[in-house]
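With the UniProt record's numbering, letter number 17 in the sequence shown gets 17, and the count goes up by one each step, no holes. Built from N, CA and C at the ideal position, the CB exists for glycine as well. The model shown is predicted, which means the values in this text are computed figures rather than measured ones. To start, the structure under review is shown below, and the notes come after it.
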Amino acid sequence: MLKTIQSFHDDMKGVRTGRANASLLDGIVVNIYGGHQKLNQVAGVSAIDNKTLSVKVWDATAIGEVKNAIINANLNLNPVVEGNTIRIVLPDLTQETREKLVKLLHQFSENARVAIRNIRRDVMEEIEEMKKNKEISEDDFHVAKKEIQNITDDNVKKVDDDLSIKEKDILHH
Numbered sequence: 001m002l003k004t005i006q007s008f009h010d011d012m013k014g015v016r017t018g019r020a021n022a023s024l025l026d027g028i029v030v031n032i033y034g035g036h037q038k039l040n041q042v043a044g045v046s047a048i049d050n051k052t053l054s055v056k057v058w059d060a061t062a063i064g065e066v067k068n069a070i071i072n073a074n075l076n077l078n079p080v081v082e083g084n085t086i087r088i089v090l091p092d093l094t095q096e097t098r099e100k101l102v103k104l105l106h107q108f109s110e111n112a113r114v115a116i117r118n119i120r121r122d123v124m125e126e127i128e129e130m131k132k133n134k135e136i137s138e139d140d141f142h143v144a145k146k147e148i149q150n151i152t153d154d155n156v157k158k159v160d161d162d163l164s165i166k167e168k169d170i171l172h173h
């Protein structure tokens with residue numbers, strides 16, 4: 001369940017809030033050196049201010065590939081090359097864009113909740129089997145069932161709380 005929440009957080013990182021954040025570009029992969037490299041392995045990404053990201057490409061010959069990777073990432077960004085640095089000014093988010101981003105967040109959170117519930121179901125089936133095979137007592141079975149439900153509820157609540165924070169961040173910035 002912790003891996004599911006971490007994956008949910010990784011998904012949320014890629015969603016813009018209106019402020020420049022280096023993690024916005026985390027998911028970008030550059031086709032370079034005959035393979036695929038994550039952007040942060042070929043360049044340093046930093047936020048210059050609230051609206052501007054700077055991508056300092058370590059190998060000047062790769063600047064074109066990095067720029068293309070940013071353009072092709074469908075983040076609606078317009079990178080500008082300045083020497084071996086790429087400057088990205090983030091456009092203001094329209095209300096319509098904010099609402100689309102919030103819908104996307106809701107998809108991510110629903111996927112996380114479903115994954116958490118599937119894990120609960122799998123564990124419940126395991127302990128049912130253990131009870132059937134007399135590996136655990138009836139009392140232990142009920143205690144474990146309650147504990148699993150509590151852990152599931154806590155993790156679903158964490159997803160909902162994190163979603164709420166990110167949603168407010170998007171809608172009010």
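| Item | Value |
| --- | --- |
| Beta carbon of residue 22 nearer than 7 Å to that of residue 45 | yes |
| Neighbourhood of residue 49 by C-beta, 7 Å cutoff - its chain only, sequence neighbours within 5 removed | 20 |
| Among 102, 84, 70, the one whose alpha carbon lies nearest that of residue 90 | 70 |
| Residues bridged to residue 37 [DSSP beta-bridge criterion] | 30 |
| Inter-residue CB distance, residue 152 and residue 127 (contact presumed, cutoff 8 Å) | So it is not a contact: roughly 13 Å between Cβ atoms. |
| Beta-carbon spacing of residue 39, residue 88 below 7 Å | no |
| Nearest-angstrom Cα separation, counted from residue 9 out to residue 3 | 10 Å |
| 7 Å CB neighbourhood of residue 155 in its chain, flanking five on each side removed | 1, 5, 116 |
| Residue 60, buried or exposed, once every other Cβ within 10 Å from all chains shown has been counted against 16 | exposed |
| Pick from 166, 84, 28, 27 that is closest to residue 98, judged by C-alpha positions | 166 |
| Residue interval of the beta strand (DSSP E) (run including residue 88) | 85-89 |
| Helix, strand or coil at residue 73 according to DSSP, with G and I counted as helix | coil |
| Strand pairing of residue 81, partner residues [DSSP] | 86 |
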